[in-house]
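**Q** Each residue of the sequence shown is one higher than the last, beginning at 12 in the numbering used here. Below you'll find the structure I mean.
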Amino acid sequence: MTSRACSRAALALALCLAVAAPAAAPVAAQTKQAAKGRGPIANTPDQTIKGSAMAVEGDLLTVNGTAVRLMGIDAPDPGQKCKNRYGHELDCFKVATAVLANMVKDEEVTCTITEQDRTGEKKGECRVRGVDLGAAMVARGWAFQYASLSPAYQKGEAYAQSKKMGLWAGQVEKPWQWRSRRIRETAR
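Laid out in structure tokens, this is it:
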């Protein structure tokens, strides 16, 4: 191919890209918004809820009576047991719930709802005095990050694990593994 032919081919390619790029940009923006759980595709615009809160589980609050699941984390489920550093069994669900309850006690909680699942459960990021409660639960070792949903809490979990904090001090099954095992055992 001559240099003149190469120049024409490059010009044609540049024109095609210039024409296609503006049309692709809105789709990319919508896809990015939907991945965050926001915007017109997901049909779940951000909503803010403020007020007093109660811990229902280690990853679930009620804020002014509205249930909000903390995004990106998973805390032990009701009935889930674990062992402390000395091998003694404890109700890790109750302990994780108590830790979250202590964080929100007598504080105003601000939750940004970014998702609502098919059952109507609201999910979002909740803060007290600017501190992300999900990050605090993971960094203290009383919840696990959901790496497949968000890598946001990866460093906090690594820190808790390295310092053997919370659930990392002893033996515990990650909640999603515990649920799967219980389903398999029940199916037998």
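Just so you know, even glycine gets a beta-carbon here, dropped at the ideal spot from N, CA and C.
1) Relative to the alpha-carbon of Leu178, which residue among Asn113, Met148 and Ser191 has its alpha-carbon at the smallest distance?
2) Count the other CB atoms within 10 Å of the CB of Trp153; is the residue buried (16 or more) or exposed (fewer)?
3) Note down, one range per segment and in chain order, each alpha helix (DSSP H) of at least 4 residues found wholly within the stretch 102-157.
4) According to the neighbour-count rule (16 or more other Cβ atoms, all chains shown, within 10 Å of its Cβ), is Val142 buried or exposed?
5) With 16 as the cutoff for other CB atoms within 10 Å, does Pro87 come out buried or exposed?
6) Which residue or residues does DSSP assign as beta-bridge partners of Thr77?
7) If you draw a straight line from the alpha carbon of Lys92 to that of Ile60, how long is it in whole angstroms?
8) Distance check for Thr73 and Val139, CA to CA, integer angstroms please.
9) Cβ of Arg96 within 9 angstroms of Cβ of Lys175?
10) Determine the extent of the beta strand (DSSP E) in which Gln165 is found, giving its start and end residues.
11) Under three-state DSSP, which class holds Ala86?
12) State the beta-bridge partners of Gln58 as determined by DSSP.
13) Within a Cβ cutoff of 7 angstroms, which residues of the same chain sit near Ala171, ignoring the five residues on either side of it in sequence?
14) Strictly by DSSP, which residues pair up with Lys94?
15) Cβ of Gly69 within 9 angstroms of Cβ of Phe104?
**A** Working from what's here:
1) The sequence position of residue 178 within the sequence shown is 167, counting from 1. Checked all of Asn113, Met148 and Ser191; the closest Cα to Leu178 is Met148.
2) Numbered from its first residue, the sequence shown carries residue 153 at position 142. It counts as buried.
3) 103-115 and 144-150
4) In the sequence shown, counting from the first residue as 1, residue 142 sits at position 131. Its Cβ having fewer than 16 others within 10 Å, Val142 is exposed.
5) Translated into the one-based positions of the sequence shown, residue 87 becomes position 76. Its Cβ being crowded by 16 or more others within 10 Å, Pro87 is buried.
6) Position 66 of the sequence shown, counted from the start, is the residue given in the question as residue 77. Answer is Val74.
7) Sequence index remark: in the sequence shown, residue 92 carries index 81 (1-based). Sequence index remark: in the sequence shown, residue 60 carries index 49 (1-based). Cα to Cα, Lys92 sits roughly 32 angstroms from Ile60.
8) The sequence position of residue 139 within the sequence shown is 128, counting from 1. The sequence position of residue 73 within the sequence shown is 62, counting from 1. When rounded, the distance between both Cα atoms is 14 angstroms.
9) As a working note, residue 96 is residue 85 in the sequence shown. As a working note, residue 175 is residue 164 in the sequence shown. Result yes, Cβ atoms of Arg96 and Lys175 sit closer than 9 angstroms.
10) Position 154 of the sequence shown, counting from 1, holds the residue named residue 165. Unbroken run through Gln165 is the alpha helix (DSSP H), Gln165 to Ser173; no beta strand (DSSP E).
11) Counted from its first residue, the sequence shown places residue 86 at position 75. If DSSP states are grouped into helix, strand and coil, Ala86 belongs with coil.
12) Looking up residue 58 in the sequence shown gives position 47. Its beta-bridge partners are Ile124.
13) By one-based count along the sequence shown, residue 171 stands at place 160. Setting aside the 5 residues that flank it on each side, Ala171 is surrounded in the same chain by Val149, Ala150, Arg151, Gly152, Gly177 and Trp179, each with a C-beta closer than 7 angstroms to its C-beta; the list follows chain order.
14) Sequence index remark: in the sequence shown, residue 94 carries index 83 (1-based). Lys94 pairs with Glu100 and Gln182.
15) Numbered from 1 along the sequence shown, position 58 holds the residue referred to as residue 69. Numbered from 1 along the sequence shown, position 93 holds the residue referred to as residue 104. Against a cut-off of 9 angstroms, the Cβ pair of Phe104 and Gly69 comes out as a contact.
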